[in-house]
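Working notes for the structure below.
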Amino acid sequence: MNSLFNNILSLRRIEYLIINEFWQIIELSPKIKFLADSFNEVDLGKDIRISFPEFVGIEMIIKDIIAGKQESFELKGVIRTQQTLNPIYIDICIGNNIKNNQISHELLIIIEDVTERMVLEQSLVQGKNEANLLLDNLTASKLYIDQIVTSMGDALLVTTPSGKIKNINRTGQILLEYDETEICGQSISSILQEVDNWKEEIAQRGNVQTALFGPITPLVKEVETVCKTQSGKIIPVAFSCSKVQTEIEHYQGYVYILRDMTERKQAEVAKQEFLAMVSHEIRTPVASIIGMTDILLNTQLSGHQKEFVDTIYNSGKALLEIINDILDFSKIESGKLEFEQEPFHLNSCIEQAISLLLPQAKEKQLELIFHHNTQLPQVIVGDISRLRQILINLLSNAIKFTETGKIELSVKSRQRQIIGNEKNNCEIQFAVKDTGIGIPSNRINRLFKAFSQVNSSINRKYEGTGLGLAICKQLSELMGGKIWVESEPNQGSTFYFTITTCVIKTQLHQEWGTKKKPSEIIINTTIAEKNPLKILLVEDYTTNQRMITLMLEQMGYQADVANNGLEALTAMRRQPYDVVLMDIQMPQMDGITAIQHICQEWEPLIRPRIIALTASVILRDKENYLASGIDDFLAKPFRIEQLMQVLVNCQLNKEEFNKVSKIDRAESSNQRNSTIDTAALQEIYRIANFNCAVNAKEFLLETINNYLEATPKFLQDIQVALSNNNFQTLRRLIHTMSSSSATLGATNLAALCAELEIILVNEMWEEVKEQIDQIEAEYENVKTALIQELEKY
Numbered sequence: 004m005n006s007l008f009n010n011i012l013s014l015r016r017i018e019y020l021i022i023n024e025f026w027q028i029i030e031l032s033p034k035i036k037f038l039a040d041s042f043n044e045v046d047l048g049k050d051i052r053i054s055f056p057e058f059v060g061i062e063m064i065i066k067d068i069i070a071g072k073q074e075s076f077e078l079k080g081v082i083r084t085q086q087t088l089n090p091i092y093i094d095i096c097i098g099n100n101i102k103n104n105q106i107s108h109e110l111l112i113i114i115e116d117v118t119e120r121m122v123l124e125q126s127l128v129q130g131k132n133e134a135n136l137l138l139d140n141l142t143a144s145k146l147y148i149d150q151i152v153t154s155m156g157d158a159l160l161v162t163t164p165s166g167k168i169k170n171i172n173r174t175g176q177i178l179l180e181y182d183e184t185e186i187c188g189q190s191i192s193s194i195l196q197e198v199d200n201w202k203e204e205i206a207q208r209g210n211v212q213t214a215l216f217g218p219i220t221p222l223v224k225e226v227e228t229v230c231k232t233q234s235g236k237i238i239p240v241a242f243s244c245s246k247v248q249t250e251i252e253h254y255q256g257y258v259y260i261l262r263d264m265t266e267r268k269q270a271e272v273a274k275q276e277f278l279a280m281v282s283h284e285i286r287t288p289v290a291s292i293i294g295m296t297d298i299l300l301n302t303q304l305s306g307h308q309k310e311f312v313d314t315i316y317n318s319g320k321a322l323l324e325i326i327n328d329i330l331d332f333s334k335i336e337s338g339k340l341e342f343e344q345e346p347f348h349l350n351s352c353i354e355q356a357i358s359l360l361l362p363q364a365k366e367k368q369l370e371l372i373f374h375h376n377t378q379l380p381q382v383i384v385g386d387i388s389r390l391r392q393i394l395i396n397l398l399s400n401a402i403k404f405t406e407t408g409k410i411e412l413s414v415k416s417r418q419r420q421i422i423g424n425e426k427n428n429c430e431i432q433f434a435v436k437d438t439g440i441g442i443p444s445n446r447i448n449r450l451f452k453a454f455s456q457v458n459s460s461i462n463r464k465y466e467g468t469g470l471g472l473a474i475c476k477q478l479s480e481l482m483g484g485k486i487w488v489e490s491e492p493n494q495g496s497t498f499y500f501t502i503t504t505c506v507i508k509t510q511l512h513q514e515w516g517t518k519k520k521p522s523e524i525i526i527n528t529t530i531a532e533k534n535p536l537k538i539l540l541v542e543d544y545t546t547n548q549r550m551i552t553l554m555l556e557q558m559g560y561q562a563d564v565a566n567n568g569l570e571a572l573t574a575m576r577r578q579p580y581d582v583v584l585m586d587i588q589m590p591q592m593d594g595i596t597a598i599q600h601i602c603q604e605w606e607p608l609i610r611p612r613i614i615a616l617t618a619s620v621i622l623r624d625k626e627n628y629l630a631s632g633i634d635d636f637l638a639k640p641f642r643i644e645q646l647m648q649v650l651v652n653c654q655l656n657k658e659e660f661n662k663v664s665k666i667d668r669a670e671s672s673n674q675r676n677s678t679i680d681t682a683a684l685q686e687i688y689r690i691a692n693f694n695c696a697v698n699a700k701e702f703l704l705e706t707i708n709n710y711l712e713a714t715p716k717f718l719q720d721i722q723v724a725l726s727n728n729n730f731q732t733l734r735r736l737i738h739t740m741s742s743s744s745a746t747l748g749a750t751n752l753a754a755l756c757a758e759l760e761i762i763l764v765n766e767m768w769e770e771v772k773e774q775i776d777q778i779e780a781e782y783e784n785v786k787t788a789l790i791q792e793l794e795k796y
């Protein structure tokens, strides 16, 4: 070969061979040996098939090329030389060695080392396969994420950094009543009305937290607000926001998740209404216990009698506090629990709790010891009932779980400085120690959880709701403290809790005065002479009329009585009154409507002070009462001193008077198995017997007869309201019948009425007729039982 050809071959890794028709090598390039399987066999005169096995089996093709039947032939080979075990990839091209433009009997074989190209091609193929696999995975992941986003129960919106909506999932489209094309491009603030208030904070949090959380940074979580739909409907939602920060500008922005709170809000309202209705029925017997003892405490009693009545009174209040447990837990969960901030004697609070539980301890022959600490502050500011509630719960548990030994209560205090608060703050630590069954260490973490017991066997033996300690934990934390326990099985337990409070100097406390215990309150029968008031009582239920009238007579007042709002307006137009005690739910004209008429007809300066009387404890009902123009609020059951205080307040300047009375909403459900609870009839007899001017027997007989005469008319009116689909009137009638039935001890009938109220509130219309049938059937049982009671007298 000439030098030009050799130079061309040297630019690439190409070698050549020339063989004759007998397969013998007649010419070769210098480096061809390095591409052969057998290095030493590549030489002139040698058979090429020895050094290059690729030529074995293609003899016929070679003959065709020599004969001119085929121009050329290409094949590929892989060889492993003796110098290296790594494979070498070669391309072989075979053609006739043309001489003088004529076919010869020689073959020119070109062999090229294509190892680098083959490795590169294999890498490219592998890379392509990997890229295709990654693309498939990404496609599958996108489809998977799209399915998740589409099936989400919450609305998801993606915005640009400036707040323009660019994506929304299907749930969001349904919630906001927009198609994706309609909402994209709108500002998020047009949907979330209060989001502008969070923009600055969201931006600040985003700048700070991106470095901590990476490309997706949570900023705010479940902030309750409202959103506006395309039709203008306002929906309560909880929104969360996260920031998306990437190098690709297109994907930067914010992700908003909106959770529809409509059903949750409706459930909360339904829960409150249910608790309120049940509470209304429970308050009736509790009102009798507390009301009767209030009146009894203001009569001439011997020392032992006064002690017994005090015990009845305290037990009634304790019952109310037990009922409050369920309501308290509900209030705590919703963040609506209210705390009083009044000065009280710390030792007095402790002694009240101990005296209440002392009989239980004596019954089990347990010692109940209070280690008096003279260094304790005498007077602190706080809520005495909430502190007493914790103490009673812990002491009661200690007695319950202790069979022999003693229960010890110790208290200590230390000064505590709160930053930004210059008041004389103090941390008080209480410890209740018992010698009871103790608690295993692996069960202690369950103690302070709601509806939780240490184990089921203890629950069966000692009973209990499992709410007590959970409420204690919440109460102590809300009072700036904490609660914990130390215990050894079969050795006993010590429960600790702390509160943070403000200490009042003794002389300052004496100037302010403290609230007296009920047994210390003396109802002055001459108060009417010092505080003359013309009072109108508006109440449709005769038993309540007599009860409140007796309370007023104890204070020296004579009240006019109206049975409904219409009669009240007539009486007020006939003569002026200083105070109107107004029941809310009444026939013909309810209290709210009557109050609205009063506010329209009488100017504020000459208008009587209006005191609302109701057992309803629903928050929205309270707001309606306040909005209608009432001046004060008494929640049933109320005590005689509470009524007296309201009347005293009526002499104060209206602008200085606090228009909102605190509502104590006690919720539970106690139904009796018997048709009539005769204890309720006995209470009516007792309260009438306290008043010398009233014949108790005649009063009771009159009350029963009035009920038996009025209730059939109620049932007729209920059927008329049902046939006319007048559910508002139906609910009012049922509420009144429930209250009157409970007063006479018809607890089953009252419970059926309360259930019907719940059915009406929840609009379960298909159940109304069946429930009314049950009420009518139960009334027949009540009627029979009351007639039997009448025969006893």
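In our numbering, each residue's number is its place in the sequence shown (first place is 1) plus 3. Just so you know, even glycine gets a beta-carbon here, dropped at the ideal spot from N, CA and C.
DSSP links E345 through a beta bridge to G385.
With respect to the 8 Å criterion, R262 and D182 are not classified as neighbours on the basis of their beta carbons.
Secondary structure of Q685 (DSSP, three-state): helix. A Cβ-Cβ distance of about 7 Å is found for the pair G385 and I502, placing them in contact under the 8 Å criterion. Assigned with DSSP and collapsed to three states, V45 falls in coil, not helix or strand.
For T596, the enclosing alpha helix (DSSP H) stretches over residues G594 to E604. With contact defined as three or more Cβ pairs closer than 8 Å, the region 132-149 and the region 217-236 are not in contact. I35 is positioned such that its CB atom lies no closer than 8 Å to that of L47.
In this chain, the beta strand (DSSP E) harbouring A565 covers A562 to A565. For E701, the enclosing alpha helix (DSSP H) covers residues A699 to S726. Counting of Cβ neighbours within 10 angstroms places E542 among the buried residues, the total reaching 16 or more. With 16 or more other Cβ atoms from the protein chains shown falling within 10 Å of its own Cβ, A473 counts as buried. Between V785 and S744, the CB-CB gap stays under 8 Å.
Per the coordinates, the alpha-carbon of D563 lies some 21 Å from the alpha-carbon of Q599. Within 10 angstroms of the beta-carbon of I251 lie fewer than 16 other beta-carbons, which makes it exposed. S743: member of the alpha helix (DSSP H) spanning F730 to T746, first to last residue. Under the criterion of beta carbons closer than 8 Å, G632 and C602 qualify as touching, at roughly 4 Å. L38 is a Cβ neighbour of I93, given a cutoff of 8 Å. For M647, there is no enclosing beta strand (DSSP E); the residue is found in the alpha helix (DSSP H) stretching over I643 to N652. Taking each of K415, L159, M592 and L616 in turn and checking the Cα distance to C429, the smallest one comes out for K415. Under DSSP, A615 takes part in a beta bridge, and its partners are M585 and F636. In the DSSP assignment, V161 is bridged to N170 and V258. About 7 Å separates the beta carbons of Q557 and I298, which is inside the 8 Å limit, making them a contact pair. The residues P90, I91, Y92 and I93, in chain order, have a CB closer than 8 Å to that of V81 in the same chain once the five nearest residues on each side in sequence are set aside. T153 and L616 have their C-alpha atoms some 52 Å from each other.
Considering only Q150, N100, G256 and I69, the residue with the shortest C-alpha distance to P164 is G256. Around the beta-carbon of H108, fewer than 16 other beta-carbon atoms lie within 10 Å, marking it exposed.
For C475, there is no enclosing beta strand (DSSP E); the enclosing alpha helix (DSSP H) has its first and last residue at G471 to L481.
Distance check between I113 and each of G495, I687 and I95 places I95 closest, using alpha-carbon atoms only.
Taking the CA atoms as reference points, Q344 sits about 16 Å from G484. Distances from the alpha-carbon of V382 to those of E570, A749, I507 and K72 put I507 closest. With fewer than 16 neighbouring CB atoms inside 10 Å of its own CB, S726 falls in the exposed class. Bounds of the beta strand (DSSP E) holding V506 are G495 to I507. According to the DSSP assignment, I91 belongs to the beta strand (DSSP E) that extends over I91 to N99.
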